Amino acid sequence: MSDSWFEYAIAPDGIQEDGCRPEEAQALRAYLRDEITVIEAAKEIVRPTEECENPLEDLPNLWGVLQDALIQLPNSQSKIVELMCSIKQRPDSGSVKNSSTRFWLNLPSFGHQWYDGNWWYYQNHWRNHPDTYRSPEKLAQIANIARTEALFVMVDADVLGEGLKFEGLARICDTLEDSKALLDIELPTVQEWLSYAGPILYDLSRTPHEHYLLRSCKDFRRQVKEGEIHAVKQNERDLWQGEGGTSIERWKFWRERLQHLQNDSNLLGSTRETAKIALDAMG
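Mapped onto my numbering, the consecutive letters of the sequence shown carry residue numbers 1 to 283.
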C-alpha cells in the first residue's frame, strides 16, 4: 500500500476532521509493512484514544480507517482482522477505563458503523441499480466485504456480531435461491464465503438452525399473507421450495445450483468460473 493511501486516511479530500489521527495511520502503516508486531500495533493505534478526554468522540474515524483498509486493501485483510482481534483483547487504560463496560472488548459502535456504511450490500441495492455496481472497483468492493466477513467468522472474534455467520448463509440464499439474483455481481460473494468460511457454514447446515435471515420462499409468502411484510417480498428466494433455516438438504440444493451454473452457457465465462471455484470450495 502506498503512502498516499495513509495520507488520504488522515485527511480525506483534504478534510482533516474526517480522518484518523496521524499516529493511528502511522501505527497501521508500520504494522502492515511488518515493521511492528500486531500487539505493538494494537497498543499504538489505540493510544491516542486512551489519552484523549472523550474517547468516543473521534473513535468513528479510527474505525473508519480500519474498515476502509479491510475493503480497500485486500492483500492485508487477514492482518487487519488479526489486528482487530488484538484490539479486542487489550486491557482498558487511560480515559477508556471510565467506561461502564470493557471498552476495547466491546469495540464501541464498530459493528454498527460497518453495517451502516455498507447498507447497500445487505439490501442487494444492485438489483435496482445494476450499472452502478458493475464497475471493476465496485465489484472488488463487494467481494472484499464478503471476504472480510468470512475471515471474521473464521477467527470467531465476534467483531461484527454473533449472527455474522448467518449473514454468510443469507448471502448464499439470496444468490443461489432467487431468480432475480444478478449472478455476475452476487456470485463472487458466495465464492468468498465458501472459500474462506466454507467448513463453518457446512457445520451450521448439518444441524437445524432457525434465523430470520434464512427465511425461505414459503416463509416470505406466509408472512405476506398474514400482513407481516410487504407483498413485494412474496417471491423472494423462489427457486428453493423447501423450508427455511439450515438443513443439509438446502446445502445440497446450493451445490446443485452451482453445478448447473458452472455449465450454463448463457452466463459469462468469468461467472461460470466463479461458480466452479465456489463449488470446489464446498468440498
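Ideal Cβ positions, reconstructed from N, Cα and C, are used throughout, including at glycine. Just so we're clear, the structure is a prediction, and the values are computed from it rather than from any experiment.
Rounded C-alpha distance that separates residue 26 from residue 73
Within the model, the alpha-carbon separation for residue 26 versus residue 73 is close to 16 Å.
Ignoring anything shorter than 4 residues or poking outside the segment 7–94, list the alpha helix (DSSP H) runs there in chain order.
Runs of the alpha helix (DSSP H) inside the segment 7–94: 22–32, 38–51, 59–72 and 77–88.
If we count the other Cβ atoms within 10 Å of its Cβ and call it buried at 16 or more, is residue 19 buried or exposed?
Residue 19 is buried by the Cβ-count criterion.
According to DSSP, is residue 177 helix, strand or coil?
Judged by DSSP in its simplified three-state form, residue 177 adopts coil rather than helix or strand.
Among 129, 30 and 110, which has the Cα closest to the Cα of residue 87?
Residue 87 has its Cα closest to that of 110, out of 129, 30 and 110.
For residue 259, which of helix, strand or coil comes out of DSSP?
In the structure shown, residue 259 sits in a helix (DSSP, three-state: H, G or I).
State the DSSP-derived secondary structure class of residue 274, mapped to helix, strand or coil.
The answer is helix: DSSP assigns residue 274 an H, G or I state.
Sequence-distant residues of its chain with Cβ nearer than 6 Å to residue 133 (five each side left out)
Closer than 6 Å at Cβ, skipping near neighbours: 126 and 185.
Could you spell out where the alpha helix (DSSP H) holding residue 240 opens and where it closes?
Where residue 240 is concerned, there is no enclosing alpha helix (DSSP H), because DSSP gives it neither an H nor an E.
Inter-residue spacing [alpha-carbon to alpha-carbon] between residue 35 and residue 226:
So the two alpha carbons sit approximately 59 Å from each other.
Do residue 193 and residue 143 count as a contact pair if the criterion is CB distance below 8 Å?
No, these two residues do not count as a Cβ contact at 8 Å.
Residue range of the alpha helix (DSSP H) that includes residue 161:
Annotation: residue 161 is outside any alpha helix (DSSP H) and is labelled neither H nor E by DSSP.
For the alpha helix (DSSP H) containing residue 154, list its first residue and its last residue.
Run containing residue 154: 136–155, per the alpha helix (DSSP H) assignment.
Alpha carbon of residue 209 to alpha carbon of residue 145, nearest angstrom
Roughly 24 Å between the two C-alpha positions.
If you follow the alpha helix (DSSP H) that residue 192 is in, where does it begin and where does it stop?
Counting along the chain, the alpha helix (DSSP H) containing residue 192 begins and ends at 183–206.
Nearest to residue 49 by alpha carbon, out of 108, 76 and 68?
Selection 108, 76 and 68 evaluated against residue 49 yields 108 as nearest (Cα-Cα).
Do you know how far the Cα of residue 201 is from the Cα of residue 281?
C-alpha separation (whole angstroms): 11 Å.
Among the candidates 56, 69 and 121, whose CA atom is the shortest distance from the CA of residue 98?
Ranking the options by Cα distance to residue 98, first place goes to 56.
Can you tell me whether residue 67 is buried or exposed? The criterion is at least 16 other CB atoms within 10 Å of its CB, across all chains shown.
Label assigned to residue 67: buried.
Rounded to a whole number of angstroms, what is the C-alpha to C-alpha distance between residue 38 and residue 260?
About 43 Å.
Looking at the ligand NAD, does it come within less than 7 Å of residue 155, judged from the CB to the closest heavy atom?
Looking for the ligand NAD in the displayed structure turns up nothing, as the structure carries no ligands at all.
When we look at the beta-carbon of residue 100 and count the other beta-carbons within 10 Å, is it buried (16 or more) or exposed?
Taking a 10 Å sphere around the C-beta of residue 100, we find fewer than 16 other C-beta atoms and assign the residue as exposed.
Residue 223, enclosing alpha helix (DSSP H) - first and last residue:
Residue 223: member of the alpha helix (DSSP H) spanning 217–225, first to last residue.
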